[in-house]
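> Just so you know, the sequences run in chain order A, B, C and D. Per UniProt numbering, the very first residue in the first sequence carries number 1; after that it's consecutive. Per UniProt numbering, the very first residue in the second sequence carries number 1; after that it's consecutive. Per UniProt numbering, the very first residue in the third sequence carries number 1; after that it's consecutive. Per UniProt numbering, the very first residue in the fourth sequence carries number 1; after that it's consecutive.
Protein chains: 4
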Amino acid sequence: MTEEIGVGMVGHAFMGAVHSHAWRSVHRFFDVPLTPRLAVLGGRDPVRTKDAATKYGWAAVETDWRALVARDDVGLVDICTPGDTHAEIALAALAAGKHVLCEKPLANTVAEAEAMAAAAEEAAGRGVRSMVAFNYRRVPAIALARKLVEEGRIGEVRHVRAVYLQDWLSDPSSPMTWRMRKEKAGSGALGDLGAHIVDAAQFVTGDLITGVSATTETFVRSRPDGDGFADVTVDDAAVFLARFSSGALGTFEATRYALGRKNSMRLEVNGTRGSLAFDFESMNELSVFSADDGSAAGFRRILVTEADHPYVGAWWPPGHLLGYEHTFTHEAADFLTAIGGGVDPAPSFTDGLRVQRVLAAVEESAGQQSTWTMIGDPR
Amino acid sequence: MTEEIGVGMVGHAFMGAVHSHAWRSVHRFFDVPLTPRLAVLGGRDPVRTKDAATKYGWAAVETDWRALVARDDVGLVDICTPGDTHAEIALAALAAGKHVLCEKPLANTVAEAEAMAAAAEEAAGRGVRSMVAFNYRRVPAIALARKLVEEGRIGEVRHVRAVYLQDWLSDPSSPMTWRMRKEKAGSGALGDLGAHIVDAAQFVTGDLITGVSATTETFVRSRPDGDGFADVTVDDAAVFLARFSSGALGTFEATRYALGRKNSMRLEVNGTRGSLAFDFESMNELSVFSADDGSAAGFRRILVTEADHPYVGAWWPPGHLLGYEHTFTHEAADFLTAIGGGVDPAPSFTDGLRVQRVLAAVEESAGQQSTWTMIGDPR
Amino acid sequence: MTEEIGVGMVGHAFMGAVHSHAWRSVHRFFDVPLTPRLAVLGGRDPVRTKDAATKYGWAAVETDWRALVARDDVGLVDICTPGDTHAEIALAALAAGKHVLCEKPLANTVAEAEAMAAAAEEAAGRGVRSMVAFNYRRVPAIALARKLVEEGRIGEVRHVRAVYLQDWLSDPSSPMTWRMRKEKAGSGALGDLGAHIVDAAQFVTGDLITGVSATTETFVRSRPDGDGFADVTVDDAAVFLARFSSGALGTFEATRYALGRKNSMRLEVNGTRGSLAFDFESMNELSVFSADDGSAAGFRRILVTEADHPYVGAWWPPGHLLGYEHTFTHEAADFLTAIGGGVDPAPSFTDGLRVQRVLAAVEESAGQQSTWTMIGDPR
Amino acid sequence: MTEEIGVGMVGHAFMGAVHSHAWRSVHRFFDVPLTPRLAVLGGRDPVRTKDAATKYGWAAVETDWRALVARDDVGLVDICTPGDTHAEIALAALAAGKHVLCEKPLANTVAEAEAMAAAAEEAAGRGVRSMVAFNYRRVPAIALARKLVEEGRIGEVRHVRAVYLQDWLSDPSSPMTWRMRKEKAGSGALGDLGAHIVDAAQFVTGDLITGVSATTETFVRSRPDGDGFADVTVDDAAVFLARFSSGALGTFEATRYALGRKNSMRLEVNGTRGSLAFDFESMNELSVFSADDGSAAGFRRILVTEADHPYVGAWWPPGHLLGYEHTFTHEAADFLTAIGGGVDPAPSFTDGLRVQRVLAAVEESAGQQSTWTMIGDPR
Ligand SMILES: NC(=O)C1=CN([C@@H]2O[C@H](COP(=O)(O)OP(=O)(O)OC[C@H]3O[C@@H](n4cnc5c(N)ncnc54)[C@H](O)[C@@H]3O)[C@@H](O)[C@H]2O)C=CC1
Ligand SMILES: NC(=O)C1=CN([C@@H]2O[C@H](COP(=O)(O)OP(=O)(O)OC[C@H]3O[C@@H](n4cnc5c(N)ncnc54)[C@H](O)[C@@H]3O)[C@@H](O)[C@H]2O)C=CC1
Ligand SMILES: NC(=O)C1=CN([C@@H]2O[C@H](COP(=O)(O)OP(=O)(O)OC[C@H]3O[C@@H](n4cnc5c(N)ncnc54)[C@H](O)[C@@H]3O)[C@@H](O)[C@H]2O)C=CC1
Ligand SMILES: NC(=O)C1=CN([C@@H]2O[C@H](COP(=O)(O)OP(=O)(O)OC[C@H]3O[C@@H](n4cnc5c(N)ncnc54)[C@H](O)[C@@H]3O)[C@@H](O)[C@H]2O)C=CC1
């Protein structure tokens, strides 16, 4: 076993459970230069936090994240809380010299994201690493897609088609949560789901969005909350057109109202030599079309489970599928490898900022009759 | 056999071949009140027109469409020529008291389409019928989709997702044709492919688009033409966001550059009770999700080949697929049935005009930085 | 238009309707050396035969097939009747010097099939052609599969997996027809559906089955018939293992009780270099796996609608699907081309006999505790 | 955390890695009455076993499984070694009063399996539990399939179609391993893959196979082994027909030569009211056809990721897929739950014996010209 690094994780619900699994499992499958120790779990309620620590295997708990950040046995801070807390925790952790893994979207505003990206850059100078948790980059099929684009297998990109469809809000009696409050979540489907497809599209194409035209909608404006009702203050769905710096055209849609689509994060890319298509509901598959195949051409359903596919060598023989949480284990492996190797991991906080700028432009355009809105400094 | 009606068809290339097949076949499968006689084929070149008449089974030829329209043995004029000629031929035919089937898009401009819709309405008063050839309404799966929406099976519509993807222009050496000249075709992928998905979306939802935000692109601006090159003066691709009068959100894309997608006209609709999905590349299938199915819910792949599915009773036993040209045979059956029954068929020229207005709004928005553009009088 | 050949067709129900369509349409799409004339339709009941002739476009009728065969205006006899009549009609027609297209299975017994194959061979010496109507060979995807195997694209064949699944008898109240009477149909699902997959497997692999082990079942032994009930005297389902002369292993299944499978004729072939998969319910697609594709390998879903795919050039642009009856139009084109060219078409009556021998071996094995049963002279 | 139970696992390669993961993870997701402690790892080579123990998190090692079985800190023995060792280890462990989880196939011969089933039954009287590791029963989609059959949703079963297709031996230069030696593995694809589909078919239908007709093949009879070559002494592929006690017909195929199929364990069941279809390569999906759906019937692609689907509640929100190793975590949860609850888990050693008898009958039939072979006492 390699040298240990103490992890302090803030938040212990959905992402907390998945990240815990990743920290417990990563060194069992990947040769990582640092072995994570589940040192401290941060929460607010002492009882619930203690219970979660027991369940997920954390050695200690803190009910104030500042205490967690300050601890000597914590070398890496993992932020699994709602977006309104990301900036504050991340800035404090970086300042304290802790490596930071921060859930997406990076922040609730561009201003926060800018501050975080600047702090991350400064910290990198001190050898302190940071990464934003766009886990879909770690789906082997998406990593393979990136590789194929990089190798020129689809030529120059002309079209990007990205949707992220869920349906859990389709029922109007589904209750209020922090995800529907602007002050907590920043935005709705846009920041939650849209952030993923913006990052994935930029990652796979290796290109940046330069401008958008958008509209958003809130289908159900008030939801059950305790004994009464509360106003939904975020979008339920966001749709937008986009341009990439290459000139490629994009269409994007994020919604929580697409009945029957449970987690359908789809990406389609058409280039001058070939095309790619992916749907997370079949996450172990990548469809690839190559014009070179001539009259025997057709979309190839690549089962991305071969040992030479990204990340797959660590797991099972071909055809033995991976699941959702594997993407987080891959994320942990990449982050530990970067920390151990003394290099900056991707996606960086700057990548997170780039996504944030697109989200902001979407909201701006939606508020201005969909007028084309340029992304301020897309780099 | 029922009473005959003489058909005069102008244009004898792609659509000419398909329509000929429909007129030859319709009464062999459907109980139509009028039996079509392939009376006159209209073209410009006498030799090529004569050859086509022989090949497709037409009794006579005319090289001036005005002569064709004027003939006594022609009771129905079928317009299979490029868009720049639709208005002129249709207006003349209606004036001459001939029923008119006109290929889509109805016209090259809203003004033309308005004139045609007005003339059609006036002619209807005289018992003269007209129809625009949005054949995709006659795909059994799409007709079934409409039926399910009408019956309330998916509830109120929240999302429409429509793309029409082809790839035949992806190769820059593919030569110039009339389809890439604005004066002939009106627009490019927009009018050619976009018109179909606008009509299909409006048909299936039973609703109209009220506004759009759009952008268009011409990827290859000049193409081989004879010994030299010619400028492409239409869009290669068009993408737009849309609102329906119900408030539903739509995204649309039409392109001839989606490598590997040959004729992928896809429509997805999400409602408050269920969802629908269709792809013309699997045209005999409709996917339907019903929230009522509870924990055994999932998209049902309905093979739309049962005797009680729209149009299918006329054909083969279940599982014996239909193809592209069947949609035109269904179109012919519906038109003859309407003529024989003395009722107005759908889609009417007014329906064609509604599509035209959306196309015009798309171009307008694209020319104004994608600013939201209302459809002038969507009815 | 080329020289005419008068067609006399016996039987005017399901196959009669499809074949009529083929004879009416073939020269509209294919450059055939002979143009079919729908000369005489044969049936038993004068009224129903006359009605069918009007509906399908036949010039004359006969109520005795012997009279039809004897007519001077008939140069080609097309047999669309149940299996018990095939031998008698075909032998008479060949003797009379008429080209013969005979529906499958070739006959109800090996003895009949042997007589027919012998007669066909003798007639060929006189320039009289014969063909058995295994129309699935004319599905473009299956013809492409054959081509790929022939080119060595999948290497040597190791596995064949073929099923033909329907469900129309699943309901026990579905009434009796000739298809469930041994004296009419010869066998049940075996001869009706099994014959197709045996022929298709032998065609695509270019190899012959040498032995089988089988079992059959009749799930519903009595069915409504008029006022009473009648005994089902054929199999409802047949399953068998097979060996090809190459050593390849095969599994076969034919059933009318696979609920939800409407016409699922599937063929999968695995070779030393690649694999093929086909399902008639997606008849415009062929899935091809090529080990040469390395780490980007995957089953390619080839949409078999390109101009250079078998038969497709005669039809529409890519992505514009073909349907069931196209296979019969292709069959007619191939037969006319062979007649015009003075060559023997395939599948020959000998090919039909080869299938018949496999069917007979299946029944023999099923009657002998599934003991392996060699095919008598598989050539 | 609940009371601990010390696990001693023998074997630390493929299954060893997966089982280790299950023992480490099960209590993090499931409320199990016993918390597994990774007490002792058994292997033969001290260095490799120690390394594996470190990698997978085991507290101690033993290089003689007898020592492992004898240890006081081991309450549960998990057998992850080749089939030739299963009986000996299991019998010793049961005798020592240890609960036993044994990998499949239960044994290499019926005689061994009988001894094991008898010992398991005897041990159960003493409160010692045993289970055979047919993990595919723990795929949520397969567990759901069983539930639907049990509820009568597909009626009486008429057809079962099961294949397990892999391709890793397709390349003749792939080297020799114990899996190709009869004395180690018992049989080849038959016991390795066939065992799974026999168990799954019996599990899902709730019925037993009563007889089979079979044939087997070894395509590549000699393989690279060290510096030379070694003989392959097992089957490469096995195909067989089967009958269930209900009268249902089955076809089965197991092969390691189906190029392009990586882990395609497929099961299709047709009943009198509906049908089911499953393919492990899309393991999160179950296709269900219900005749009750009338004209809107079609195979429903159920994404088996809802909280009320079997096992899924322990994991992620809908649409967040599970992978291969989850089935082992479910297996561990079920076993611990049975042990804690003092009840016998399924599949029992007797279930393993039932599978073994089918495998033996397959080999017997294959050796006797495929003659139908009854399963000795299928209960
Ligand atoms: N990468 C991905 O695919 C996903 C990312 N996320 C992101 O992860 C983050 C967390 O989301 P979920 O885990 O789904 O939410 P959740 O609601 O399941 O959990 C949030 C956790 O944060 C804790 N928390 C909230 N405020 C806190 C505070 N001030 N101090 C300490 N703890 C606090 C809560 O007690 C809870 O444990 C969000 O940024 C979200 O956008 C969420 C789901 C998927
Ligand atoms: N419903 C559908 O899915 C489709 C509709 N169309 C529409 O059908 C129309 C025709 O398109 P295609 O057949 O594909 O084009 P095409 O280029 O294959 O054929 C056009 C025909 O019109 C003839 N023509 C052109 N100008 C003429 C004139 N002034 N007088 C007489 N004949 C003239 C040409 O000689 C040629 O025969 C267009 O409006 C097009 O948008 C086209 C393809 C598919
Ligand atoms: N290639 C293919 O995919 C298919 C082939 N077939 C084959 O085609 C043949 C006919 O089947 P279907 O058309 O489906 O049956 P059907 O029951 O629909 O039609 C049979 C026709 O034969 C006529 N007929 C019966 N006995 C006759 C006699 N002695 N003289 C004159 N006419 C007689 C009947 O009146 C009826 O018109 C069979 O051999 C069948 O196996 C059937 C369906 C599909
Ligand atoms: N449930 C499932 O899906 C699967 C089950 N299996 C079964 O699991 C068992 C093991 O297979 P794999 O792990 O794939 O094989 P493997 O070859 O990967 O591992 C076998 C392990 O057993 C050890 N071993 C062999 N003989 C031993 C002995 N006498 N004493 C102690 N250790 C010994 C080896 O050192 C090695 O660690 C087999 O029975 C196999 O059929 C295998 C793969 C999948």
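We treat Cβ as the ideally placed atom computed from N, Cα and C, and that holds for glycine. Predicted, not measured: the structure shown is a model, and the values here were computed from it.
1) So, helix, strand or coil for B/F219, using DSSP?
2) What in chain A is Cβ-close to D/R24, meaning under 8 angstroms?
3) Any heavy atom of ligand 1 closer than 7 angstroms to the beta-carbon of residue 404 of chain A?
4) Which of helix, strand or coil does DSSP assign to C/Y164?
5) Of the choices B/L259, B/N270, B/K262, B/P46, whose alpha-carbon is the least far from that of A/L259?
6) Which residues, in chain order, does the region 81 to 104 of chain D contribute to contact with chain A at a C-beta distance below 9 angstroms?
7) If you check the beta carbons only, do B/A133 and B/L101 fall under 8 angstroms apart?
8) CB of A/P105 to nearest heavy atom of ligand 1: below 7 angstroms?
9) Cβ atoms of A/I339 and A/H86: under 8 angstroms apart, would you say?
10) Look up C/L148 in the DSSP assignment and say whether it is helix, strand or coil.
11) Since A/D192 sits in a beta bridge, which residues does DSSP pair it with?
12) Can you check whether the CB of B/L321 is closer than 8 angstroms to the CB of B/V26?
13) When every heavy atom of ligand 4 is checked, does at least one fall within less than 7 angstroms of the C-beta of D/D192?
14) Which one of B/L190, B/I89, B/V198, B/A291 has the shortest CA to CA distance from B/E156?
15) Is there a Cβ of chain D sitting closer than 8 angstroms to that of B/R48, yes or no?
16) If you run the structure through DSSP and keep just helix, strand and coil, what is B/M374?
17) Which value, in whole angstroms, describes the spacing of the CA atoms of D/E331 and A/Y56?
18) Are there 16 or more other CB atoms within 10 angstroms of the CB of D/E151, so buried, or fewer, so exposed?
19) Compute every distance between the C-beta of B/P82 and the non-hydrogen atoms of ligand 2, then say whether any falls below 7 angstroms.
20) For C/L193 and chain G, any beta-carbon pair shorter than 8 angstroms?
21) Which residues does DSSP list as the beta-bridge partners of C/H159?
22) Determine the direct distance from the alpha carbon of C/P36 to that of C/C80, and round the result to whole angstroms.
23) Would you list the residues sitting across from C/R126 in a DSSP beta bridge?
24) Name, going along the chain, the residues of the region 155 to 171 of chain D whose beta-carbon falls closer than 9 angstroms to a beta-carbon of chain B.
25) With 9 angstroms as the limit, tell me which residues of the region 12 to 23 of chain C have their beta carbon closer than that to any beta carbon of chain B; keep them in chain order.
26) Does the beta carbon of C/R300 sit closer than 8 angstroms to a beta carbon anywhere in chain A?
27) For C/E62, which residues does DSSP report across the bridge?
28) Could you check which residue in B/S246, B/P224, B/A230 has the C-alpha nearest to that of B/T210?
29) Taking the C-alpha atoms as reference points, what is the distance between D/G43 and D/V61?
30) So what does DSSP say about B/S282, is it helix, strand or coil?
31) Quick check on this structure: which residue in C/F219, C/S222, C/L190 has the alpha carbon closest to the alpha carbon of C/V358?
32) If we cut at 8 angstroms on Cβ distances, does D/L303 have a partner in chain B?
33) Label C/S173 either buried or exposed according to how many other C-beta atoms from any shown protein chain fall within 10 Å of its C-beta, with 16 as the threshold for buried.
34) Is there at least one Cβ from chain C nearer than 8 angstroms to B/G319's Cβ?
35) Going by beta carbon distance, what residues of the same chain come within less than 7 angstroms of A/Q356, once the five residues before and after it are set aside?
If we stick to the structure as given:
1) In the structure shown, B/F219 falls within a coil segment according to DSSP collapsed to helix, strand and coil.
2) In chain order: R24, S25, R28.
3) The structure shown has nothing for residue 404 of chain A, since chain A only spans 1 to 379.
4) Strand.
5) For A/L259, the nearest C-alpha among the options comes from B/N270.
6) Within the region 81 to 104 of chain D, no residue has a Cβ that lies closer than 9 angstroms to any Cβ of chain A.
7) Contact: yes.
8) The answer is yes for A/P105.
9) Against a cut-off of 8 angstroms, the Cβ pair of A/I339 and A/H86 comes out as no contact.
10) In the structure shown, C/L148 sits in a helix (DSSP, three-state: H, G or I).
11) Per DSSP, none; premise fails for A/D192.
12) Contact: no.
13) Short note on D/D192: C-beta closer than 7 angstroms to some heavy atom of ligand 4.
14) B/E156 has its Cα closest to that of B/A291, out of B/L190, B/I89, B/V198, B/A291.
15) Chain D contact via Cβ: absent.
16) When DSSP states are grouped into helix, strand and coil, B/M374 belongs to the strand group.
17) D/E331 and A/Y56 have their C-alpha atoms roughly 20 angstroms apart.
18) Label assigned to D/E151: exposed.
19) At a cut-off of 7 angstroms, the beta-carbon of B/P82 counts as near ligand 2: some heavy atom of the ligand is closer than that.
20) Reference to chain G is not applicable here, since the protein chains of this structure are A, B, C and D.
21) Answer is C/L249, C/N270, bridged to C/H159.
22) Roughly 17 angstroms separates the two Cα atoms.
23) Beta-bridge partners assigned by DSSP to C/R126: none are found.
24) So nothing in the stretch comes that close.
25) Interface annotation for the region 12 to 23 of chain C against chain B: F14, A17, V18, S20, H21, criterion Cβ-Cβ distance under 9 angstroms.
26) Yes, because at least one Cβ of chain A sits closer than 8 angstroms to the Cβ of C/R300.
27) DSSP lists C/G42 as the bridge partner or partners of C/E62.
28) With distances taken between Cα atoms, B/T210 lies closest to B/S246.
29) Roughly 8 angstroms separates the two Cα atoms.
30) In the structure shown, B/S282 adopts helical secondary structure according to DSSP, grouped into three states.
31) Looking at the Cα atoms, C/L190 is the closest of the given residues.
32) Residue contact with chain B for D/L303: present (Cβ-Cβ distance below 8 angstroms to some residue of chain B).
33) Per the 10 Å Cβ criterion, exposed.
34) The beta carbon of B/G319 falls within 8 angstroms of a beta carbon belonging to chain C, placing the residue at that interface.
35) If the five residues before and after A/Q356 are omitted, its C-beta is found closer than 7 angstroms to the C-beta atoms of P105, L106, A107, V110, A113, all from its own chain and listed in chain order.
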